[in-house]
Structures are given as C-alpha cells and as structure tokens.
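K.L.:
Numbering of the sequence shown is given in numbering that gives the first Met the number 0, commencing with residue 0 and proceeding in unit increments. C-beta atoms are modelled at their ideal positions from N, C-alpha and C, and glycine is treated no differently. None of these values were measured; they are calculated from a predicted model.
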Amino acid sequence: MDNTFDFIIVGGGSAGAVIAARLSEDPAVRVALIEAGSRPPERESMPAACGSLQLDPETDWMFTADPGKAGRGLRGRRMPVPRGRMLGGSSGINYMVWVRGHPGDFDNWERLGAAGWSHDDVLPAFKRMEGLVRSNEIAIDQDARGFDGPVGVAVRSPVIPAARDFVRAANASGLPSGDYNGAGRFNPAGVASLVQTNTRKGKRSSTFHAYLEDAAELRPNLTIITDALVTRIVLDNALAATGAEYRDIAGKTHIVLATREVILSAGAVGSPHLLMLSGIGPRRELEEAGVPCRLDQPHVGKHLKDHLLTGMIFEAEKIGTPLAEVGVSVGPDALRSPGGSLPADPAEDAHLSPELAALKTESQRRLDEWMETGSSLVSSSLYDGVAFFSTGLGDEHTHDAQIGFIPALYGADIMGERLFYDLDQYFDDPDAAFDPALQRVTFLPSNCVPRSEGEIILQTADPATPPIIQMNYFADPHDLKVMVAIIRKVLDIAANWPGPHKLGPWYVPPKLAAMHGHRPGDVPSDALLENFALHFATTIYHLSCTCRIGSVVDPHLRVFGVSNLRVADASVFPEITSGNTNAPSIMIGERAAEMIAADHGLRLSDNASATIRETV
Ligand SMILES: Cc1cc2nc3c(=O)[nH]c(=O)nc-3n(C[C@H](O)[C@H](O)[C@H](O)COP(=O)(O)OP(=O)(O)OC[C@H]3O[C@@H](n4cnc5c(N)ncnc54)[C@H](O)[C@@H]3O)c2cc1C
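(1) With three or more beta-carbon pairs closer than 8 Å as the criterion, would you say the segment 220–228 touches the segment 535–551?
(2) Would a C-beta distance cut-off of 7 Å place Arg-199 and Ser-379 closer than the cut-off?
(3) Closer than 6 Å: is that where the CB of Gly-10 sits relative to any heavy atom of ligand 1?
(4) When every heavy atom of ligand 1 is checked, does at least one fall within less than 6 Å of the C-beta of Glu-129?
(5) Taking the straight line between their C-alpha atoms, what separation do you get for Gly-300 and His-272?
(6) Less than 7 Å between the beta carbons of Leu-174 and Ala-162, yes or no?
(7) Is Ala-84 near ligand 1, going by C-beta to nearest heavy atom under 6 Å?
(8) Do Asp-305 and ligand 1 come close, with the Cβ less than 6 Å from some heavy atom?
(9) If contact is defined by three or more beta carbon pairs under 8 Å, each pair taking one atom from either stretch, is the segment 394–414 in contact with the segment 97–104?
(10) With distances taken Cα to Cα, identify the nearest neighbour of Arg-167 among Ala-343, Ala-493, Gly-148 and Arg-71.
(11) Which value, in whole angstroms, describes the spacing of the CA atoms of Asp-235 and Val-558?
(12) Residues bridged to Asp-295 by DSSP?
(13) Assuming Leu-341 is part of the beta strand (DSSP E), what are its boundary residues?
(14) Going by DSSP, what residue range makes up the beta strand (DSSP E) through Gln-363?
(15) At a cut-off of 6 Å, would you count Glu-34 as near ligand 1, judging by its Cβ distance to the nearest heavy atom?
(16) According to DSSP, which residues form a beta bridge with Ser-445?
(17) Check whether the Cβ of Asp-247 lies closer than 6 Å to any heavy atom of ligand 1, and answer yes or no.
(18) Using a threshold of 6 Å, is the CB atom of Leu-228 nearer than that to any non-hydrogen atom of ligand 1?
(19) Under 6 Å from any heavy atom of ligand 1, does the C-beta of Gly-403 make it?
(20) Considering only residues of the same chain and omitting the five flanking positions on each side of Ser-604, which have a CB-CB separation below 8 Å?
(21) Is Met-470 helix, strand or coil by DSSP?
(22) Using beta-carbon positions only, say whether Arg-450 and Asp-475 come within less than 7 Å of one another.
(23) For Lys-202, which beta-bridge partners are listed by DSSP?
(24) Excluding five sequence neighbours on each side, which residues of the same chain lie with their C-beta closer than 6 Å to the C-beta of Arg-590?
(25) Taking DSSP as the reference, what is the three-state secondary structure of Phe-531?
(26) Let me check one thing: in DSSP terms, what residues is Trp-505 bridge-paired to?
(27) Taking the alpha carbon of Pro-187 as the reference point, which residue from Ile-486, Leu-542, Gly-391 and Pro-519 has its own alpha carbon closest?
(28) Measuring alpha carbon to alpha carbon, tell me which residue in Ala-513, Asn-471, Ala-153 and Asp-59 is nearest Ala-138.
So this is what it looks like as structure tokens:
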C-alpha cells in the first residue's frame, strides 16, 4: 500500500466517515480513513438490538467514568460510557434519536466566538444530510427539512399506540405538537412529537451506511484502513502535522503520511486523548503521564459536557409493550439466549412442543417481515416519543428540558449488566421488578443545558490505556434543580394520560421510597426527587466540548499552534446542544468537508463549499 495521501482522517465515526466520503468526491485527491474498529456486525442494522452492542469489545470502547455526584446507585460508583468502535463510530451503536438541537444553540455558538456557526450558517448542512421520509404521523416543517440527503430519517413503523398517547398527554400538559427539528423548537411553549429516527426502511442509517457503504468505499482514491489503532499524530519540528502512526491488529506499527492535512475525528474522548498522546495538552498532566509536551494547551480534554437522564417507570396495564414481545420480533436466535424459550442448539428444535414451534414460526415471520418491509417492533430503539420545553429556571437561548418516552420497560439484564445499576440495593426481587412480561412505560427526563463540566485526563503514555474520564455531574447545583423540575413535569404528563386506560403510579425503587417514607400515589418530596436523580441519573452518551472551538481549535477547526491539523467531531462543540448529539456531529463533518474543500480548492459533488462564510 502506498503510504502517502493528501488527507488522513483519524476515526470513521459520525463526523469522520462524512469527511472521508465528501473529500473523496474529488477524484484528484487521495484520502485515507483510519479506524480502530471494523465494519459493523450484522445486528448493528436492527434498531432494537442497539443495547447488545454496548460492552461488546467488537463494537464498544468500553470506557467507564467517575460520575461525580451522580451514580450513587451504580455498582462501585462507575458509570459505563460506551463509544462506538466501528465504521460509523457511535452512529453505529447509538439509539438513533434524530435531533438537530435548538436554533438558539447554534446562535449561542456564534456568540461564544464560533464565527460562522450560527443557525443560519449550519442549516444548509443539516438539510443536505437528511433524507426525511414524509409521514402523516408527525408535523414536518417543509422549509427547514431535507428530503434527498444520505441519512435516512423516519418515524418508526408501526407506531406503537402508547407513543401517540405520550404526545397527547404532553399536549394536555401544555406542550404543543410540532416538528422539533424545525419550527417546533422556536416555540417558547415547547414541542412534543413522535421521535424521528435515523433509519431507512426500519434499518439503522449510521454514517457508515449513509456515506460509505457500497459507494464512497469503492472509490479508488479512498483507502479505508480498519482495525488500526492510531497511536499519535506525527508532527515535524515546526509543529506541522505530517501524518499518523497506527498499530495494526497484529501489533505492528505503521506510519502514513499526509501531504496536505490530518483531520482528527476520534470523538469527544478519542480526539483529546490523541492530541495529548501527541504532546498537545496541559503540560503538567502530559509530563506526569510520561509524554513530552510539544505544545502546552491547557484546554485539551477540559470543558467536557454530557446530558443525564433519570429513567422513571410507570405501571401501564393495557398500555405498555412487554419487552418479551419485542424479543419475539428480534428472531428465533434471540429466543435461544440463556434463559430463552428455545433450545440453545437449533438441532434440538425437532422436539419442540407445538406452542414453542408456533413461537419459532411467528418469530421468523416477524424477522422476515422486518427485513423485507422495515416494519416491526424492532424498527426503533423504543425511544419513541420526545418533548422539549423550558423549565424557566434560567435557560437563556433554548429549551433546557427534554423528556423521552419508551413504551416499554428495559430488562434487568440491561439495567444491571449494561447500565451497572446495583439493582439488589433498591429492589427486593429485581427479576420480578423487571420481568419482561410486565406492561410498563418509561419516561426519560433530561436536563439538556447542563452547567457542570467534566474532563478527560491522560493516564499514561500507553495509547492502548484509556484516559481517565471524570464526568463531574451535578457539580453545579443548578443541574439538579433543573432535573427535579423536569421530573415533576413527567408526573404532570403522566397524570394527563388520555383514556381509556390510565397509567398507574410512578414506581419508585422500593428501598428509596422507604428511605423517604413515600407510598405509591403520594406527591413526592423534593428531597426524594433529588435523591432519586443522584442515585439513578445516568449518561445519555452525549460527550462533547473537549476540544471546543475557541479554546483548542479556531472556527475553521484548525488546531491553534499546529499547522495542517484539524479536529472535527463532537469534541469541537463550543457548548453542548440542547438535544441528542449525533445529527450535530454529522453536521460538523459536513461543514469540515466544506471548509477543507474551500481551503484546498477541492471540487465536491454538490459544490458545498459555496456555503462557507469567510470568518477568520
Ligand atoms: C450508546 C450511545 C447511544 C447514543 N444515542 C444517541 C441517540 O439516540 N441520538 C443521538 O443524536 N446521539 C446519540 N448518541 C451520541 C452520538 O452518537 C454521538 O454524539 C456522535 O456519534 C459523536 O460523533 P463523533 O464523530 O464525535 O464520534 P464517534 O462517532 O464516536 O466517532 C469516533 C470514531 O473514532 C474512532 N477512534 C477513536 N479513537 C481512535 C484511535 N485512536 N484510532 C483509530 N480510530 C479511533 C472510533 O472507533 C469511532 O469510530 C449516543 C451515543 C452512544 C455511545
């Protein structure tokens, strides 16, 4: 393999895959994309299987973090922080909730110094990305949306009736329906909707599927190197990036050279980690870890932001979808997992009882239907309803509150094994409390403009050792106050549930209820709600801002003090957006490609560079 390219992109995730695909549209340039993971496994495309990709070393970096003041209910007070490790990155492991953010988020970016990143500036990229499927199920702001872009966006099919009821209940509690990726976020009263998911015909539309698969990946001028752990950016004596060093799966070290630029798109953990491994970061921390400091940059890895959610379970007889039903739709193999109803060895199926034979046939039928039509219970992560609004507690430019809705109850395996909740501490019989046959629904209140900041700290000079991740949640007391207000709004929405069947009371983890003398149906005290959040709030996986514009990179994403090196991913957000972060990360990839194309005179297929404003 020729080891010299015009551009090297490190990390093929939400942003990196986009940049590789866009730059290689110009046949005159040679582009290399280096990714630590591989192509995604087959189950990645099934939305409801997303949880199974977490804590699997094939698809997840398996980081854990110190949660700060949150996470009292977690085993060993460690919080899992999954990050996608595959082509598509975290867009391959995520829950596919498609949210751009509030227009005010981007105007605020510009106010913070990110010239050229106002809502008007980023809107063309958001529209260009989207291949939204029109639907009568949701309000669509025609002028704000994109219908021909590579990322499939759709409402799940079939819509689960409880999700429609969630929207009606939110309406009844004062949150109007609207397009939350359009005019709905301009409404100060808030907005409620069924969720728009980044799926195409019921399959995940990650940036791998949307931008690389069967298209860009076949171009002769794009080289994709997978299973390659980048260990540092190569810098010359004048602090210009000249290439990247990586370790292949056999442990052999290689160097690839970039004649024009290296673009770091390794995510909010990976990008600051790699800068620090390359000697760019806080001098003392680097030296303590044994890395010679090439450029003292105190902001690298700092200002880490994330969103928290606090899952609230409600009894929902005749309303909730039992998780066991979803399991049947995953296909017969899922019914063979330990404790499943079918035998582990398919050879034993010859002796199935008539009931089990019928279950197997039905399961296969549902799987075939999903593959053929995309319509199935498995066509979303089950995060199917959403509302945004303001608590009035001090959000200046946006809604500070998000409530997600799941018409089901996640099982004890997900809660205990994948999310690390110490279930035995709070439930007398966790298996009974999280029985997959139960009809329950789950609300996910989330403070989406957090003020607390965490950090990523270099632990050692060994690139294979993860950095320390300090989330520092609830360090600023404002965040807990907002979370409590959002929890109260959940109780209000639940109380407004439309008929004929009503939700039962909020199911407070029994030992926490006992601690506060709370009985089912009581109005909960602030002390209980605060304690509930401190125990059960967990990450929504939106890590960002660790190489933010204005501190580590300029508005054209060029690293201050280093030439030929940009960072382009969620780490450059100047402030976290008030919503899920995948769409904004893809937007960063689109805009980075525009900027690079403009600077180097590349010809992209849709002449995207025309939308750049000269800002620096
Ligand atoms: C479990 C989970 C659920 C989520 N759910 C949602 C959701 O429903 N909706 C939403 O909008 N957002 C969601 N998010 C967040 C969203 O997916 C991320 O914000 C977004 O994908 C970040 O994009 P990125 O380009 O910054 O990083 P990533 O997409 O993480 O890309 C980074 C890439 O760099 C690679 N990499 C890192 N280090 C190296 C190295 N040293 N060498 C080589 N390659 C490297 C990684 O393997 C990865 O492919 C979720 C995230 C997770 C983890």
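P.N.:
So, to answer that:
(1) no
(2) no
(3) yes
(4) no
(5) 7 Å
(6) no
(7) Checking the displayed sequence, the identity of residue 84 turns out to be Arg instead of Ala. Yes, the beta carbon of Arg-84 sits closer than 6 Å to at least one heavy atom of ligand 1.
(8) no
(9) yes
(10) Ala-493
(11) 15 Å
(12) Gly-280
(13) Careful: Leu-341 lies outside any beta strand (DSSP E) and carries neither H nor E.
(14) Note, Gln-363: premise wrong, no beta strand (DSSP E); alpha helix (DSSP H) at 353–372.
(15) yes
(16) Leu-308 and Gln-401
(17) no
(18) yes
(19) no
(20) Glu-24
(21) strand
(22) yes
(23) Arg-199
(24) Ala-124
(25) helix
(26) Phe-313
(27) Gly-391
(28) Ala-153
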